[in-house]
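Here the structure comes first, spelled out in structure tokens, and everything after it is commentary.
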Amino acid sequence: MSRHPSARLSRHAGHAPGELVHIGETKTAEPRILLIEFSPEHYQETTFASLAASRTHQPGDGTLWLNVYGLQDVAMMAEIGRRFQLHPLVMEDVLNTHQRPKIEDYGDYIFIVTHVFDYHPASRTLSEEQISMVLGRNVVLTFQERPAGRFQPLRERLKNGIGQGRRLGAGYLAYSLLDVIVDQYFVTLDQLGDTVEELDTRLLAGQADGGTLARIHTLKMALLSLRRALWPLREAVMTLQHGDSALLDDETRVYLRDVYDHLVHLLETVDMQRDLIAGMVDLYISTQSNQMNRQMRFLTVIATLFMPLTLISSIYGMNFEYMPELHWKWGYFIVLGVMAAIAAGMGYLFKRWRWW
Amino acid sequence: MSRHPSARLSRHAGHAPGELVHIGETKTAEPRILLIEFSPEHYQETTFASLAASRTHQPGDGTLWLNVYGLQDVAMMAEIGRRFQLHPLVMEDVLNTHQRPKIEDYGDYIFIVTHVFDYHPASRTLSEEQISMVLGRNVVLTFQERPAGRFQPLRERLKNGIGQGRRLGAGYLAYSLLDVIVDQYFVTLDQLGDTVEELDTRLLAGQADGGTLARIHTLKMALLSLRRALWPLREAVMTLQHGDSALLDDETRVYLRDVYDHLVHLLETVDMQRDLIAGMVDLYISTQSNQMNRQMRFLTVIATLFMPLTLISSIYGMNFEYMPELHWKWGYFIVLGVMAAIAAGMGYLFKRWRWW
Amino acid sequence: MSRHPSARLSRHAGHAPGELVHIGETKTAEPRILLIEFSPEHYQETTFASLAASRTHQPGDGTLWLNVYGLQDVAMMAEIGRRFQLHPLVMEDVLNTHQRPKIEDYGDYIFIVTHVFDYHPASRTLSEEQISMVLGRNVVLTFQERPAGRFQPLRERLKNGIGQGRRLGAGYLAYSLLDVIVDQYFVTLDQLGDTVEELDTRLLAGQADGGTLARIHTLKMALLSLRRALWPLREAVMTLQHGDSALLDDETRVYLRDVYDHLVHLLETVDMQRDLIAGMVDLYISTQSNQMNRQMRFLTVIATLFMPLTLISSIYGMNFEYMPELHWKWGYFIVLGVMAAIAAGMGYLFKRWRWW
Amino acid sequence: MSRHPSARLSRHAGHAPGELVHIGETKTAEPRILLIEFSPEHYQETTFASLAASRTHQPGDGTLWLNVYGLQDVAMMAEIGRRFQLHPLVMEDVLNTHQRPKIEDYGDYIFIVTHVFDYHPASRTLSEEQISMVLGRNVVLTFQERPAGRFQPLRERLKNGIGQGRRLGAGYLAYSLLDVIVDQYFVTLDQLGDTVEELDTRLLAGQADGGTLARIHTLKMALLSLRRALWPLREAVMTLQHGDSALLDDETRVYLRDVYDHLVHLLETVDMQRDLIAGMVDLYISTQSNQMNRQMRFLTVIATLFMPLTLISSIYGMNFEYMPELHWKWGYFIVLGVMAAIAAGMGYLFKRWRWW
Amino acid sequence: MSRHPSARLSRHAGHAPGELVHIGETKTAEPRILLIEFSPEHYQETTFASLAASRTHQPGDGTLWLNVYGLQDVAMMAEIGRRFQLHPLVMEDVLNTHQRPKIEDYGDYIFIVTHVFDYHPASRTLSEEQISMVLGRNVVLTFQERPAGRFQPLRERLKNGIGQGRRLGAGYLAYSLLDVIVDQYFVTLDQLGDTVEELDTRLLAGQADGGTLARIHTLKMALLSLRRALWPLREAVMTLQHGDSALLDDETRVYLRDVYDHLVHLLETVDMQRDLIAGMVDLYISTQSNQMNRQMRFLTVIATLFMPLTLISSIYGMNFEYMPELHWKWGYFIVLGVMAAIAAGMGYLFKRWRWW
């Protein structure tokens, strides 16, 4: 995650609408395509090293799931767009990885853009990846910036025919992908929560140093990034769930409501974390300032204590000819005694006023 | 209540949708099932130690109320789900005790998730428990994490045929359960209110110590937890009340409006408490800082008072050969007198400026 | 008004829904019932000391207005509820004086709960009273905690046939009661406004003492109480005005719009007052802190002024054998002159920098 | 503009609804009525000193525009109300000049209440005036507190037949009046903007004195007054524009949309000004506090500089019998040199640390 | 961008509605008109130096795109308005360059007002330009304050027949213009983002000087200006996209949704930037204040360190006859040693307390 959110937003400016330009980092060396075909009865995986290789493949009757890893090959992406008859804007959005999360119904297919975050506790940074999906009749396309193995358990379940995945087809597959993506947020949020807790412990133990506030600032920005990605996704899922697209049957819609609930829960947790951090910071600043003030008062009290003592000794340092006390035998000791008494008296007073 | 809200949110990530996993602490040793059957004419309670024992039980014609205490026996929960033909997601939510409060209409039954809070004044902590309900035709299921006796008065009223409970059946029973749950919030809020009042008294009496702000922070988080649990419940009850489910008759809907009113009242009270706390803290910080400033000024005034006196005595400590005053007979006493006059004058001035 | 809003909210918890319990202080010694019957042609008042006395009373054809003062006689209230066929929840709400303001349409009658505030400038406290109303066909019931004479002018106008009160019947009577209640808010707000103005004058005149901020806090809580009572009432009146209840004719609805306008005006005035107070406090704190800082700088400037003077006199107090200046004839006076010059120079500098 | 917004809100309390009472200052000596009659072909002005004089006047066929200046003659107002068959609440609102801006559709006529503000740069005060309008079929009534000449250009245009005013009749006239009123806000806001700019310049030039924050507070309250008057007017104009009143034809509605745009623009400008002021104040306080802190540090640095010097001279002022340095020939000058070196060294250090 | 937003808002006040007045700076010397005619088959550009020259031009069958640069020639603008039968308010808005962004459907044509911002990094200022458009049947009018070459790439694409521009006609052209305008915001926001990043780096490196906060204030105002221009545009585009105007076909509406997404993205980025700036400022102020407090404590610690030393030396400067220590041989050195020990002890203590 770049700290500065507008990073190169303008790279697309000057291009015509629908013109395909890959905007974003290239995160994998070689684009790769993985095709999965399944029906309630069978399951088959095919990997294509290049698009040329795939041209001769003849798909069967079941549901098609096309995984694309790596977005930098614009020509390949254009061909995919043409083959599945996607709107030029769809492919433009797939390639521009600074897209907002959204779900758009194009009638024949539904286009879904989501973001996934990975937290790296060592460097305390978030990395963000855009995952786009197209849900058509009997077909699901997924576009990822690199192979991250996120959907591997899903493929395992499909392969082994566990659950209702094979029976319910493309709509349920799209839901399952969303579910995996949303579950990843729980993981990320848990890790962020651990960092929050660690910082909290440190603050309360008074071990905060100069970098602590800066780290809290980074944490706040990370939570804000999650919020920005979750909020539009929540809206989009709600629209999808209440929509009337023929691509989703009622059975799948019930599951979408579950995804929606998870998103609401995530948003609330993010907000709770943000409140927690805000409270932590306030408490820390207030404690810090209080402590500093007490220290200054302590120092000032000490200074005040010495004032009368210094005055007295200064008085008896005067060179007047006639100062009777100077000639008293015990004058010196009496003065020392008086000083001690004054110091003790003031000390007692300040103690009673709780100023030390 | 864990202080860190995301605590182990991610435990479900990686499981398939609808796969049953118990998420949350195990709060009772042995799951227990209590079956209540009632009609306007009769009332009968049966306790089953295990699910096996219940399989032979033949229910009668009336309304069925199945109480489940303890959620850790996943196999038992799965069987209950199957027997009452509940959607897999319902049982998943029952077992995951970090669910948001919600009310979902599945057509044949309504699924209700609520949270209940108990305040422990001694440790100043809130404990949270999830209570799920399923309202079907002539049947109510309740799932609690442990037997807490919350619904005992309700069972007594049913047993003794007091009120309209027996006559109005399952819908009214579900309302009564909600009513008990909402009433518990009033109790919790009263106890929190007592803590707020105690803190307020302490702050105004100037007895706040280092832990006070931390305690206020905890209190704020507790109120926030209540708010988070009440807000979605309010929405859900409103949706239920205005919905068209055949499981609730008009007579019961009027009572639901009453529950809704209570929830609004609770939310307002929570917000009022939060305003009160915010005001208390502001007042405290402002008073504190004001007092600290006055003390610093007082000390600085004292220091300033000694400045000219020390200068004078220092001047007459100089060793110049020709300093006529030194040879005056009353020089010493005159200087002492001048010092006293200066001190008195400054003291008077500071008094008039209200600087002490 | 209790300072702690949740005061004994939980007293109702544990009771069955619809069970009548009087919650709140008992504010009058003896419950009293005043029955008014009027038609365009006649007007008649009857006072009943007890409910028993009223049982024999045979009402005429016109509009009935039943005033109940004092709510503690639960049996009497229950009988009234039964006689006018009110829902158990209505009577429960009448008796629970911590109800939110609301207007509920029960079909045959409309139930209205409002709160009235009296400000006592001497003790600077608000007292709150709940006034409930039931508007039925040709009948209006009002329930007050004590006889306060609020509706006396209304009764006078009815008695003397002034205005359209007699002609327009129960709906217009309910409106008139609401109008009186809303007008009372204007009075209360004016009195609070006077207190605000008095505090403002005091703050600007620099006469704020320790209690001022606490008093402002109380004032803020009072305005918040008004806001809490006005906001739901506004919503309720709007719903009533736009509703389709047959109990209100179009002529009365126009008047309700006027009440609605007044409520909006009141809410805006409350918000304006709150802004005013917030601004006052900010201004005060800023002025206060600025003044304190200036005083500290003034004191520090004085201390700084004495530093070089004390150093010089200290230098000439050293006991070196060879210090030529000590033996100059005018050495002492030259040194005094140099000191004066330094003091004057620094004083001029600080003056130019506007540090005194 | 009174600084205290609730000023005598309660004066109407105790009066019956619809009872006419003039609430507000009397701003003109003698109420005056100006009647304008116009049709596409002709235009005629008649001034009546009293209502009696107007009774004999026989209006023609065209559009009637009745201007009333001065509201204190309650009897006259009542007669106007009766003659044009206005609802009692309309006349009550006309007379109560603390009304919120609003537009009410009474079927046969539309009642419009607006406020106009004049800014007096000399005294830096806003004066507020209520202008009420009634738009009926072929008739427009305007009620102003005093003759201010606001509508004079409009009358000129009507008289000289410029624009479409004569052709489009009463609806367009009402729009034109609203347009003039809204344009006056632009003038007021420009003048306030000049004051904001002047204050800004002063703050940045460091010429802020004690009164500046108080003046900013007044400015904020003035902007808030404008906002309070504009906000409901915006809502009202939108309702009117989208309404279906037969009194406004489609041609006029297009113009109303323009008024609506102006109101939105005004509101945004007010909010921008408020943000600007808030930013100014924050910047000023931050600069102020920073400067004060630097000054205190500067003074403390000076004090610290003198500490070691005073100690050294104090040491050589001790009266020990055996202090070898005292007998060195150049002891005195060496000590002076050491002092100078210490001062220079510390001065250099503080300089490097940028503490002066 | 004027820093003071209301700059001469009132210039239009006093003019009749629909009266044409040019409000705003004159930004180009000579108004110029560029007419483009195109159909799927051909493309033709004609430049007119004056309106007179254009009168003889006979347009062909295809789509007409009229570019007007420079708005000061009111007579010319009036003629354009008449020739295309535009509502007087449209031309008034075109000429008043302080218009809010908006899209108005006049039935036969749609009127669009937008603002474009250019950021000048050197002077760190934003310049704002209003671009108005009218989309009619087969005709698009654009009004710019000066020729800026923004639409040149668009004209190139049209000229060379690239993309679908020629085929899709006027609606798609209007969309393309909006797209160019919105893309310009990305460029501006990127440049602002660079400034934000530069400031951030400077703040973290501790190189902030007096002007930094003022510069941040300017930046905040610039982001606010963007927000103010984007917000209503977003609303307007949404209304247009969901509207039913016959001037836009379904194919173009899909593209409008893309513009809408960009606007939402821009608004989120602006808000993110504002959060970032707010966080930066808070962090800076907190760091600054913390550092200042540490410096003051350091200085006060030094002062406190010298207190006891000065007292001791002062004591042995007293002139008592009988002070045994003065006569000790090593008295002087013992006292120096004691002083050193005290200083070292206090230094160690302050070190352990981390006060240096």
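Chains C, H, E, W and U are the protein sequences, given in the same order.
Going by the working numbering, the first sequence opens with residue 1, and the numbers climb by one from there.
Going by the working numbering, the second sequence opens with residue 357, and the numbers climb by one from there.
Going by the working numbering, the third sequence opens with residue 713, and the numbers climb by one from there.
Going by the working numbering, the fourth sequence opens with residue 1069, and the numbers climb by one from there.
Going by the working numbering, the fifth sequence opens with residue 1425, and the numbers climb by one from there.
All residues carry an ideal CB built from backbone N, CA and C; glycine is no exception.
If you draw a straight line from the Cα of valine 825/E to the Cα of valine 802/E, it is about 10 angstroms long. By alpha-carbon distance to valine 1406/W, the top candidate from Leu1379/W, Thr1307/W and Leu1301/W is Leu1379/W. Under the 8 angstroms Cβ criterion, the stretch 824 to 844 of chain E counts as touching the stretch 921 to 937 of chain E, having at least three qualifying pairs. Listed along chain U is no residue with a C-beta nearer than 8 angstroms to that of isoleucine 23/C; the closest approach is about 11 angstroms.
Three or more pairs of CB atoms, one per stretch, sit closer than 8 angstroms, so the stretch 591 to 601 of chain H contacts the stretch 459 to 473 of chain H.
Identification of residues in the stretch 389 to 400 of chain H having a C-beta nearer than 8 angstroms to some C-beta of chain E yields an empty set. The DSSP assignment places 851 to 856 as complete runs of the beta strand (DSSP E) inside the stretch 838 to 876 of chain E, in order along the chain (cut-off: 3 residues). Secondary structure of tyrosine 425/H (DSSP, three-state): strand. Contact between isoleucine 1457/U and valine 1498/U fails: their C-beta atoms lie close to 15 angstroms from each other, not under 8 angstroms. Contact between the stretch 1585 to 1595 of chain U and the stretch 1514 to 1523 of chain U is not established, with fewer than three Cβ pairs separated by less than 8 angstroms.
Less than 7 angstroms divides the Cβ of isoleucine 989/E from the Cβ of lysine 932/E.
At least one beta carbon of chain H lies nearer than 7 angstroms to the beta carbon of glutamate 321/C. Between arginine 100/C and the set Glu79/C, Arg234/C and Tyr255/C, the nearest pair of CA atoms involves Arg234/C. The beta carbon of tyrosine 465/H does not come within 7 angstroms of any beta carbon belonging to chain C, so the residue lies off that interface. Counting every other CB atom within 10 Å of its CB across the protein chains shown gives isoleucine 1027/E a total of 16 or more, marking it as buried.
Secondary structure of glutamate 963/E (DSSP, three-state): helix. A contact is defined here as three or more CB-CB pairs under 8 angstroms, and the stretch 1040 to 1048 of chain E fails this definition with respect to the stretch 1385 to 1403 of chain W.
For phenylalanine 1744/U, no alpha helix (DSSP H) segment is defined, and its DSSP state is neither H nor E.
Under the three-state reduction of DSSP output, valine 1184/W falls in the strand class. Look at tyrosine 821/E here: in three-state DSSP terms it is strand.
In this structure, proline 17/C sits near aspartate 1603/U, with a CB-CB distance shorter than 7 angstroms.
Beta-bridge pairing by DSSP links leucine 1103/W to Thr1114/W and Leu1134/W.
At a cut-off of 7 angstroms between C-beta atoms, aspartate 93/C does not count as an interface residue with respect to chain H. For the stretch 939 to 952 of chain E, residues whose beta-carbon sits nearer than 7 angstroms to a beta-carbon of chain H comprise Arg940. Residue burial is scored here from C-beta neighbours: leucine 1601/U has at least 16 other C-beta atoms within 10 angstroms and is therefore classed as buried. By the CB criterion at 7 angstroms, proline 31/C and glycine 81/C fall outside the cutoff.
Nearest neighbour of alanine 764/E by Cα position, chosen from Met1058/E, Glu749/E, Pro752/E and Arg795/E, turns out to be Arg795/E. Contact annotation: in the stretch 478 to 511 of chain H, residues whose CB is within less than 7 angstroms of a CB in chain E are Pro509.
For asparagine 96/C, none of the residues of chain H pass the 9 angstroms Cβ criterion, the least Cβ distance being about 28 angstroms. A distance below 6 angstroms between beta-carbons, with the five flanking residues on each side excluded, links arginine 1420/W to no residue of its chain. When rounded, the separation of the alpha-carbon atoms in tyrosine 1467/U and tyrosine 1596/U is 16 angstroms. Under the Cβ criterion of 7 angstroms, isoleucine 302/C is counted among the residues facing chain U. For glutamate 1659/U, the three-state secondary structure derived from DSSP is helix.
Each residue's CA atom was taken as its position, placing glutamine 1007/E and phenylalanine 662/H some 17 angstroms apart. Collapsing the DSSP output to three states places glutamate 909/E in a helix.
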